[in-house]
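Taking it in order: structure first as structure tokens, then the write-up.
Residue numbers (the numbering used here), protein chains in the order written: chain Z, 8 to 149; chain H, 535 to 664.
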């Protein structure tokens with residue numbers, strides 16, 4: 008897994024979340040069911056928030072792409088900064104954090120004793136992002 | 535129960551003590567389901583758990599028997615989606631107001647489990663996999 012694959016995985020997680028919640032809400036609307044997922048405010052807000060985050064990702068991905076094609080590397084030189092490789096992946100961490108946080112609260116509630124698992128997992132994701140950005144910019148850190 | 539004793543037909547009734555009110559089976563399958571859900575609130579969560587583990591463990595077992603290895607995240611997503619669709623079908627029943635919160639809670643849990651299975655699946659893929 009490289010930076011491209013890792014970023015795509017995080018984006019697919021967001022799209023999967025929007026698709027599942029959207030399908031359940033639309034299913035209830037189309038069939039007039041007695042119980043609808045739209046009655047749950049947290050998941051409804053999560054869907055809207057994730058869609059907004061994906062729109063933000065689109066704008067930042069465009070800026071990242073433009074910054075990369077505007078940069079130039081002289082023969083035998085290296086890029087002085089890895090900033091342009093880091094912008095977009097760091098954004099998607101926030102999207103996945105919101106998804107995991109809402110899901111975590113729905114199953115485990117607000118008990119702080121379990122929160123360390125979520126914190127540790129997000130720390131691992133952040134560490135992986137950092138390593139992949141370094142790998143893309145300067146070479147293999149394995 | 536019918537029996538003949540001394541030329542006289544005797545009718546013996548057998549009584550069973552049910553622990554719950556029997557559903558009215560003359561009103562159709564949906565009425566049986568709704569009354570069962572009302573009488574036994576844990577019916578839906580247990581049905582969901584049964585469906586999930588039937589697909590999850592069954593899929594893993596058969597894939598391992600055939601190929602020697604199993605794709606756990608993929609079967610988790612398949613089992614979650616199967617349970618998710620079953621729960622959506624249950625929401626189409628004319629659920630009573632008293633049971634509505636329980637069914638909504640079950641639906642929320644399976645949606646979250648499906649999303650978490652998706653997280654597991656997408657972070658598990660190799661570069662060569664979708």
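Just so you know, even glycine gets a beta-carbon here, dropped at the ideal spot from N, CA and C.
DSSP three-state assignment for residue i, whether helix, strand or coil
i	result
residue 145 (chain Z)	helix
residue 627 (chain H)	coil
residue 611 (chain H)	helix
residue 600 (chain H)	helix
residue 125 (chain Z)	helix
residue 47 (chain Z)	coil
residue 659 (chain H)	coil
residue 116 (chain Z)	coil
residue 572 (chain H)	helix
residue 668 (chain H)	Absent from the structure is residue 668 (chain H), since the part of chain H shown begins at 535 and ends at 664.
residue 553 (chain H)	coil
residue 564 (chain H)	helix
residue 42 (chain Z)	coil
residue 81 (chain Z)	coil
Nearest-angstrom Cα separation, counted from residue j out to residue i
i	j	result
residue 77 (chain Z)	residue 27 (chain Z)	38 Å
residue 111 (chain Z)	residue 608 (chain H)	21 Å
residue 580 (chain H)	residue 572 (chain H)	14 Å
residue 633 (chain H)	residue 44 (chain Z)	15 Å
residue 631 (chain H)	residue 594 (chain H)	38 Å
residue 104 (chain Z)	residue 562 (chain H)	46 Å
residue 558 (chain H)	residue 627 (chain H)	16 Å
residue 108 (chain Z)	residue 125 (chain Z)	8 Å
residue 605 (chain H)	residue 612 (chain H)	11 Å
residue 619 (chain H)	residue 651 (chain H)	15 Å
residue 61 (chain Z)	residue 133 (chain Z)	19 Å
residue 22 (chain Z)	residue 645 (chain H)	14 Å
residue 50 (chain Z)	residue 551 (chain H)	44 Å
residue 553 (chain H)	residue 574 (chain H)	11 Å
residue 92 (chain Z)	residue 142 (chain Z)	10 Å
residue 58 (chain Z)	residue 556 (chain H)	47 Å
Residue i versus the options, residue with shortest Cα-Cα distance
i	options	result
residue 106 (chain Z)	H:630, H:635, H:638 and H:647	H:647
residue 493 (chain H)	H:603, H:649 and H:578	Absent from the structure is residue 493 (chain H), since the part of chain H shown begins at 535 and ends at 664.
residue 576 (chain H)	H:596, H:649, H:640 and H:653	H:640
residue 55 (chain Z)	Z:71, Z:15, Z:24 and Z:116	Z:24
residue 99 (chain Z)	Z:127, Z:114, Z:81 and Z:65	Z:65
residue 97 (chain Z)	Z:81, Z:63 and Z:122	Z:63
residue 102 (chain Z)	Z:10, Z:18, Z:11 and Z:12	Z:18
residue 72 (chain Z)	Z:36, Z:11 and Z:136	Z:11
residue 52 (chain Z)	Z:116, Z:29 and Z:129	Z:29
residue 565 (chain H)	H:590, H:657, H:624 and H:583	H:624
residue 617 (chain H)	H:635, H:587, H:653 and H:569	H:587
residue 13 (chain Z)	Z:144, Z:136 and Z:131	Z:136
For the region 558–570 of chain H, which residues have a CB atom closer than 8 Å to at least one CB atom of chain Z, in sequence order?
-> none
Scan the region 639–656 of chain H for residues whose Cβ lies nearer than 7 Å to a Cβ of chain Z and list them as they occur along the chain.
-> 641, 642, 643, 645, 646, 648, 649, 650, 652, 653 and 656
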